Each structure stands twice: as C-alpha cells, then as structure tokens.
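S.K.: Just dropping this structure here.
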Amino acid sequence: MAAAAATPTSLESAPRIMRLVAECSRSRARAGELRLPHGTVSTPVFMPVGTQATMKGITAEQLDDLGCRICLGNTYHLGLRPGPELIQKAHGLHGFMNWPHNLLTDSGGFQMVSLVALSEVTEEGVRFRSPYDGDETLLSPERSVEIQNALGSDIMMQLDDVVSSTVTGPRVEEAMHRSIRWLDRCIAAHRQTDKQNLFAIIQGGLDTDLRTTCLEEMTKRDVPGFAIGGLSGGESKAQFWKMVALSTSKLPKDKPRYLMGVGYATDLVVCVALGCDMFDCVYPTRTARFGSALVPTGNLQLKKKQYAKDFGPIDPECTCPTCRK
C-alpha cells in the first residue's frame, strides 16, 4: 500500500478566513463568519447546490432575496458543459450565473461514486466517460484545480479519491492515502491563492484509524479550510455521527469545517452541535421537485389527496415567496 507523502506541502500564507463569534459551553457548536472575496458569510451555513450553475426551481435573484450568500457549483459537470473556457469569457462563474455573492465548487470527486459505472480511478486521476457524448476525459488533481481557477469560485475543493461509506477493506485505505497525495498536487497546481481558498477533504471511511491518519496528515498542510468527506452514504446514524465527532475533535479550531453532502434537519442540528460550520445537499430542491415541502412539523407531501382542494398557503407562518402567494 502506498504511503502518504512524507513532506507536507502548504499554500504560502494561507488566509485565515474564519472568525469565531460565539461558542457553546455545552457542545462544540460555534457561530462565526467566513470572510470571503464576495462578502461575509455567517456560520453555521447551509449552502444550496447548483450543480450546473443554477438551482433547480429557483432563480439566482430569489436566492439572493432569501438571504443566501454562498451556493455551490460542480467542477465535473461544468468542466464538460459548457466548459471552463466559455465560463471564463463570461467573467467566471459569478458572471455566468449573474450571482454577486460567494461560490464554492466541488472538485468532481463525488462523481467517482455517483457515476461509478462511467469512471476508473488511477494514481493519475479519474478517467470518466462523458454522460453527454460518451467521450473519455481525465480529471486529474491538476486539471480539477485548473478548471476551478477558471471558474473563479471563492472556495474550491481538492480532488479526492472518494469511495462509498459502506465500502470496507483495502480500497478505503488506498483512497485515504491517495487523497493526501492528491491534496499536495492540488496545492502545487493552485495559481490564484490570493483570490480562491483551497479546502482539503478528510477521507478514511468509517475506520477510526484511517480517518485519524488522514486528519493528522492533512492538518499539516496549511490550507484555509477543511471538509469532512466520504460520509452520508448509507451508514448508520451512529457511525456517521461518530466519524463527524472524531473529525471535529482533531480539526483546527480557527479554520472552517465543511461537512459535505448533509442536509436532513436532524443531521444539521446534531452536526452543528458536533462543531461543523458548513453544509450542502440537494435535499431541499429535490424534495420540492418530488412534490413535498419542508415545514416546521416535518415533510409535507403536497400530492396527497387531502390537499387537492386546499388553496391556502403551505405554511401560514412562513414569509417565503411560495407561502406568501
């Protein structure tokens, strides 16, 4: 099994973008501010996902009106279509989306899991077969960073070797060590350290020793922030929360902690208490597209027969555009 890189690599003078405002005395919960190129973001923060530079079912202007100050785009999908060159001509992803606030771009690593039938992982990178035209493309750490530099996101993610949280055995250890090596390659390739903040992604599956090793190695790299990856993929809640607690206990207190792919209300509350600052998930928009609404009492299934002749607002106490009208 290949070992992690022996000599840590750091971004020169990695900016301190996190300012802690308050801390809970009975948990690890904290409130803070992310000071980013396109404005300040209060934390804890949930970030809506616009995989292909748009949120499904809602406009950028509506998101702005709702107070959203950071949302996501996906490097893999945007890199394939419309491509970084075109987006760069539109003054980056901000101009392409007509979005005045902050953006975070995923590296494309998650597509190793979501498009597993179309991908092959080697030390060089991830070789994908395009779901659009079938062409083969290599997404290496360097190419992922190159695309994200062209997109101009405020926070960009390293390319990591992602395996499902339910996978066990040597593949988990291989992915963890490779993610450390790929982090060093991403750091070396990053060309806009004054404008974009590169986050590392902690891997290690549900193995305490592997995740601890990854935490120890990656925190030697002076990057602006850290993400907790490789979770929320089918494991039990107890396993999930245990790995989150382990991760936050060893991550630097003065840097943001981003828990990837988490959006259920219970998980958000628990993981804020465990010390996480940032979250993202397609859950809210996907739930709405499937005919349900998220209300204080839980999930309201609007397609039920009992609501067929109900012309009232979904939630009379809510001030969102849908409920107001």
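Numbering (the working numbering), first residue to last: 2 to 326. Ideal placement from N, C-alpha and C gives every residue a C-beta, glycine not left out. The structure presented is a predicted model; accordingly, all values stated were derived computationally and were not measured.
Looking only at its chain, what residues have a beta carbon closer than 8 Å to the beta carbon of V168, apart from the 5 residues adjacent to it on each side?
M.R.: Correct list, in chain order: G206.
S.K.: Check whether the stretch 253-265 and the stretch 273-289 are in contact - that is, three or more C-beta pairs closer than 8 Å.
M.R.: With a cut-off of 8 Å, the stretch 273-289 and the stretch 253-265 count as touching, because enough Cβ pairs lie within range.
S.K.: What would DSSP say about A7, mapped onto helix, strand or coil?
M.R.: Bear in mind that the predicted position of A7 carries a pLDDT of just 44, short of 50, making it unreliable; the figure below should be weighed with that in mind. Three-state result, A7: coil.
S.K.: What is the rounded straight-line gap between the Cα of S233 and the Cα of V164?
M.R.: Roughly 11 Å between the two C-alpha positions.
S.K.: Does the stretch 181-189 touch the stretch 242-260, meaning 3 or more C-beta pairs lie closer than 8 Å?
M.R.: No, they do not touch.
S.K.: Is the distance from the Cβ of G292 to the Cβ of I18 below 8 Å?
M.R.: No.
S.K.: How about S1 and L216: do their beta carbons lie closer than 8 Å?
M.R.: With the chain represented from 2 up to 326, any question about residue 1 goes unanswered, as that position is not in the structure.
S.K.: Going by beta carbon distance, what residues of the same chain come within less than 8 Å of L73, once the five residues before and after it are set aside?
M.R.: Excluding residues within five positions, the ones whose Cβ falls inside 8 Å are M48, P49, V50, G51, T52, L104, L105, T106, D107, D281.
S.K.: Run through the DSSP bridge pairs and tell me what L260 is partnered with.
M.R.: According to DSSP, which records beta bridges pairwise, L260 is partnered with I229, F280.
S.K.: According to DSSP, is K310 part of a helix, a strand, or is it coil?
M.R.: In the structure shown, K310 sits in coil (DSSP, three-state: anything other than H, G, I, E or B).
S.K.: Rank A294, Q89, V127, K90 by C-alpha distance to the C-alpha of W183 and give the top, closest one.
M.R.: Per the Cα distances, V127.
S.K.: Could you give the first and the last residue of the continuous alpha helix (DSSP H) run that contains R144?
M.R.: Start and end: 142-152.
S.K.: Return the chain-ordered list of same chain residues with a C-beta closer than 7 Å to the C-beta of P16, the five sequence neighbours on each side being excluded.
M.R.: Answer for P16: N198, P225, listed in chain order.
S.K.: Terminal residues of the continuous beta strand (DSSP E) containing D107?
M.R.: Run containing D107: 103-107, per the beta strand (DSSP E) assignment.
S.K.: From the DSSP output, in three-state form, read off M2 for me.
M.R.: Since pLDDT at M2 reaches only 48, below the 50 mark, its modelled position is unreliable, and the value read off the structure follows with that caveat. DSSP places M2 in coil when its eight states are reduced to three.
S.K.: Please state if the CB of Q159 and the CB of M177 are separated by a distance shorter than 8 Å.
M.R.: Cβ distance not < 8 Å, so M177 and Q159 don't count as in contact.
S.K.: Give me, in chain order, the residues of the same chain whose beta-carbon lies closer than 8 Å to that of P317; leave out the 5 immediate sequence neighbours on both sides.
M.R.: Taken in chain order, the residues that qualify are C324.
S.K.: Within 10 angstroms of the Cβ of N75, are there 16 or more other Cβ atoms? Answer buried if so, exposed if not.
M.R.: With 16 or more other Cβ atoms within 10 Å, it is buried.
S.K.: Please check the pair A54 and L37, which I expect to be a contact at CB under 8 Å, by giving their CB distance rounded to whole angstroms.
M.R.: That belief does not hold up - the Cβ atoms of A54 and L37 are roughly 18 Å apart, past 8 Å.
S.K.: When we look at the beta-carbon of T320 and count the other beta-carbons within 10 Å, is it buried (16 or more) or exposed?
M.R.: Counting Cβ neighbours within 10 Å, T320 comes out exposed, since fewer than 16 surround it.
S.K.: With a CB to CB cut of under 7 Å and the five nearest residues on each side skipped, what residues in its chain are close to E143?
M.R.: Hits under 7 Å: R186, A190.
S.K.: What are the start and end residues of the beta strand (DSSP E) that includes I18?
M.R.: That residue, I18, is in no beta strand (DSSP E); it is neither H nor E in DSSP.
S.K.: For the alpha helix (DSSP H) holding C215, just list the boundary residues, first then last.
M.R.: Residues 209-219.
S.K.: Name the two residues that bound the continuous beta strand (DSSP E) containing P253.
M.R.: Where P253 is concerned, there is no enclosing beta strand (DSSP E), given that its DSSP letter is neither H nor E.
S.K.: Does DSSP classify V164 as helix, strand or coil?
M.R.: In this structure, V164 counts as coil in the three-state DSSP scheme.
S.K.: Would you say the stretch 135-151 touches the stretch 235-244, given that touching needs at least three Cβ pairs under 8 Å?
M.R.: Because the criterion of three Cβ pairs below 8 Å is not met, the stretch 135-151 and the stretch 235-244 do not touch.
S.K.: Specify the secondary structure class of T194 as computed by DSSP and reduced to three states.
M.R.: Here T194 sits in coil by DSSP.
S.K.: Can the beta-carbon of A201 be found less than 8 Å from the beta-carbon of R222?
M.R.: Yes, Cβ-Cβ distance for A201 and R222 is below 8 Å.
S.K.: By Cβ distance below 8 Å, which residues in the same chain neighbour E137 in space, the five residues on each side in sequence not counted?
M.R.: These residues qualify, in order along the chain: R128, F129, R130, S131.
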